[in-house]
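**Q**
Protein chains: 2
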Amino acid sequence: MLNMEQKVKIFKALGNETRFKIFKNIFTGGYACSIDNTKPKDDIIAQATCVTTIAEHFDFALPTISRHLKELRDADIITMTKKSNKIYIEPNLDIVKELSECFTKLVDDYKLI
Amino acid sequence: MLNMEQKVKIFKALGNETRFKIFKNIFTGGYACSIDNTKPKDDIIAQATCVTTIAEHFDFALPTISRHLKELRDADIITMTKKSNKIYIEPNLDIVKELSECFTKLVDDYKLI
DNA sequence: AAATTATTTAGCTATTTAGCTAAAAAGACT
DNA sequence: AGTCTTTTTAGCTAAATAGCTAAATAATTT
Numbered sequence: 000m001l002n003m004e005q006k007v008k009i010f011k012a013l014g015n016e017t018r019f020k021i022f023k024n025i026f027t028g029g030y031a032c033s034i035d036n037t038k039p040k041d042d043i044i045a046q047a048t049c050v051t052t053i054a055e056h057f058d059f060a061l062p063t064i065s066r067h068l069k070e071l072r073d074a075d076i077i078t079m080t081k082k083s084n085k086i087y088i089e090p091n092l093d094i095v096k097e098l099s100e101c102f103t104k105l106v107d108d109y110k111l112i
Numbered sequence: 000m001l002n003m004e005q006k007v008k009i010f011k012a013l014g015n016e017t018r019f020k021i022f023k024n025i026f027t028g029g030y031a032c033s034i035d036n037t038k039p040k041d042d043i044i045a046q047a048t049c050v051t052t053i054a055e056h057f058d059f060a061l062p063t064i065s066r067h068l069k070e071l072r073d074a075d076i077i078t079m080t081k082k083s084n085k086i087y088i089e090p091n092l093d094i095v096k097e098l099s100e101c102f103t104k105l106v107d108d109y110k111l112i
């Protein structure tokens, strides 16, 4: 279960327009499933999400995007996997699922008060 | 439906330890259901959540708590209702529910990719 | 009308954040 | 070895944030 500190970190990470958009892009970009574990490791599609690919969708300098990605990774809502000199990025479904359950529980529990 | 700007605002509001704790306190404090609309207006319990009551749970000055509450209200995740010279505070269940559904949808949709 | 209670506003300071450019690091390719 | 690609680190600045105290506002009570 996510502790409070982890939750606050996630909210802080998503509480910035640029990072929110990056996160959304990673989640819904279509090319996001670059290296998921159910596939053989060398099955990486051409447009797989790496830092540069993501940065192309934004009007900020590459290091800025790199820093934002670091923050999303520190909050554990994305994963970054190095393969050769690129870094492949995916959403961390498990954590997002946990967060989702937190909210569901919060709302459900409140109905009992 | 919550638009992006609203979501970012909510995340920013919850992405601070103090505000997160305040929010949690409002949600789970037990005295939170002070003036819900299903009850007659004068049925306000003695310990109903008002700014001072909340502030008592924290080691920060009252104006600091007041500002944090304003931010939670601006993010629309709590309501603040003035009655005589006190302000009664409650979670905004509708918005929290919407947020909850967002996450559920995000996770569910991703499974289809 | 004066005092008390509850809350916000104003104005300050220290810290953090978000952006930038330039340079460094780590691999891969020729 | 040298070059190209990908990403991070360093170091800077402007703006935002989170805390404080003192003062203002608004309503109630005496």
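Order-wise, the sequence lines are chains A and B. 0 is the number of the first residue of the first sequence in numbering that gives the first Met the number 0; add one for each residue after it. 0 is the number of the first residue of the second sequence in numbering that gives the first Met the number 0; add one for each residue after it. The beta carbon of each residue, even a glycine, is placed where N, CA and C say it ideally should be.
#1: Under the three-state reduction of DSSP, which class applies to residue 86 of chain B: helix, strand or coil?
#2: Strictly under 8 Å for the Cβ-Cβ distance: is residue 81 of chain B near chain A by that measure?
#3: Hey, is residue 3 of chain B's beta-carbon within less than 8 Å of any beta-carbon in chain A?
#4: In whole angstroms, what is the alpha-carbon distance linking residue 60 of chain B and residue 66 of chain B?
#5: Looking at the C-beta of residue 10 of chain A, does it have a partner C-beta in chain B at a distance below 8 Å?
#6: If you measure from the CB of residue 19 of chain B, is any heavy atom of the ligand NAP nearer than 7 Å?
#7: Take the Cβ of residue 113 of chain A as the centre, count every other Cβ of all protein chains shown within 10 Å, and call the residue buried at 16 or more, exposed below.
#8: What does residue 99 of chain A touch in chain B if you count any residue whose Cβ is under 8 Å from its own?
#9: Compare the C-alpha of residue 83 of chain A against each of A:11, A:55 and A:49 and name the closest.
#10: From the DSSP secondary-structure annotation, give me the bridge partner or partners of residue 110 of chain A.
#11: Kindly list the residues whose CB is nearer than 7 Å to the CB of residue 13 of chain A, restricted to its own chain and excluding five residues on each side of it in sequence; keep chain order.
#12: What residue ranges within the region 42 to 77 of chain B form continuous alpha helix (DSSP H) runs of no fewer than 4 residues, ordered along the chain?
#13: So what's residue 3 of chain B in DSSP terms, helix, strand or just coil?
#14: Any beta carbon of chain A sitting closer than 8 Å to that of residue 13 of chain B?
#15: So, with DSSP's three-state summary, where would you put residue 38 of chain A?
#16: Span of the alpha helix (DSSP H) holding residue 24 of chain B?
#17: Given this structure, state the Cα-to-Cα distance separating residue 15 of chain A from residue 92 of chain B, to the nearest angstrom.
#18: Please name the residue, chosen from A:2, A:10 and A:0, that lies closest to residue 71 of chain A on a Cα-to-Cα basis.
#19: Evaluate residue 35 of chain B with the Cβ neighbour count: other Cβ atoms within 10 Å of its Cβ, from every protein chain shown; 16 or more gives buried, anything less gives exposed.
#20: Leaving aside the five residues before and after residue 73 of chain A along the sequence, list all residues of the same chain whose C-beta is less than 8 Å from its C-beta, in chain order.
#21: Out of curiosity, what's the CA-to-CA distance linking residue 94 of chain B and residue 101 of chain B?
#22: Counting only beta-carbon separations shorter than 8 Å, does residue 71 of chain A have a partner in chain B?
**A** From the atom records:
#1: Looking up residue 86 of chain B in the second sequence gives position 87. In the structure shown, residue 86 of chain B sits in a strand (DSSP, three-state: E or B).
#2: Residue 81 of chain B sits at position 82 when you count from the first residue of the second sequence. At a cut-off of 8 Å, the C-beta of residue 81 of chain B has no neighbouring C-beta in chain A.
#3: As a position in the second sequence, residue 3 of chain B is number 4, starting the count at 1. Yes, residue 3 of chain B counts as interfacial toward chain A.
#4: Within the second sequence, residue 60 of chain B is the residue found at index 61, counting from 1. Within the second sequence, residue 66 of chain B is the residue found at index 67, counting from 1. If I take the Cα positions, the gap works out to 10 Å.
#5: Here residue 10 of chain A corresponds to residue number 11 of the first sequence, with the count starting at 1. Taking Cβ atoms only, chain B reaches closer than 8 Å to residue 10 of chain A, which makes this a yes.
#6: Absence of the ligand NAP from the depicted structure is noted, as is the absence of any ligand whatsoever, leaving it without description.
#7: Residue 113 of chain A is absent from the model: chain A starts at 0 and stops at 112.
#8: Against the first sequence, residue 99 of chain A aligns to sequence position 100. For residue 99 of chain A, the chain B residues whose C-beta falls within less than 8 Å of its own C-beta are 99, 102, 103, 105 and 106, listed in chain order.
#9: On the first sequence, residue 83 of chain A is found 84 positions in, with the first residue counted as 1. Of the candidates A:11, A:55 and A:49, the residue whose Cα lies closest to the Cα of residue 83 of chain A is A:49.
#10: Taking the first residue of the first sequence as position 1, residue 110 of chain A is located at position 111. In DSSP, residue 110 of chain A forms no bridge with anything.
#11: As a working mapping, residue 13 of chain A is identified with position 14 in the first sequence. Closer than 7 Å at Cβ, skipping near neighbours: 19 and 22.
#12: Counting only runs of 4 or more, we get 50 to 54 and 61 to 73.
#13: Indexing the second sequence from 1 puts residue 3 of chain B at position 4. Under the three-state reduction of DSSP output, residue 3 of chain B falls in the helix class.
#14: Residue mapping note: residue 13 of chain B aligns to position 14 of the second sequence, counting from 1. Answer yes: the Cβ-Cβ gap between residue 13 of chain B and chain A drops below 8 Å somewhere.
#15: Residue mapping note: residue 38 of chain A aligns to position 39 of the first sequence, counting from 1. Unreliable placement is indicated for residue 38 of chain A, whose pLDDT of 41 sits below 50; the coordinate value is still reported in the next sentence. Coil, per DSSP.
#16: Position 25 of the second sequence, counted from the start, is the residue given in the question as residue 24 of chain B. Start and end: 16 to 27.
#17: Indexing the first sequence from 1 puts residue 15 of chain A at position 16. Indexing the second sequence from 1 puts residue 92 of chain B at position 93. The alpha-carbon of residue 15 of chain A is positioned some 23 Å away from that of residue 92 of chain B.
#18: Here residue 71 of chain A corresponds to residue number 72 of the first sequence, with the count starting at 1. Ranking A:2, A:10 and A:0 by Cα distance to residue 71 of chain A puts A:10 first.
#19: Locating residue 35 of chain B in the second sequence gives position 36, where the first residue counts as 1. In this predicted model, residue 35 of chain B has a pLDDT of only 41, less than 50, meaning its place in the structure is not dependable; the value taken from the coordinates is given anyway. The C-beta of residue 35 of chain B has fewer than 16 other C-beta atoms within 10 Å across all chains shown, which makes the residue exposed.
#20: Numbered from its first residue, the first sequence carries residue 73 of chain A at position 74. Within the same chain, residue 73 of chain A has close Cβ partners 8 and 12.
#21: Here residue 94 of chain B refers to the residue found at position 95 when the second sequence is read from its first residue. Here residue 101 of chain B refers to the residue found at position 102 when the second sequence is read from its first residue. If you take the alpha carbons of residue 94 of chain B and residue 101 of chain B, they lie about 11 Å apart.
#22: On the first sequence, residue 71 of chain A is found 72 positions in, with the first residue counted as 1. Chain B, which has no Cβ nearer than 8 Å to the Cβ of residue 71 of chain A, makes this no.
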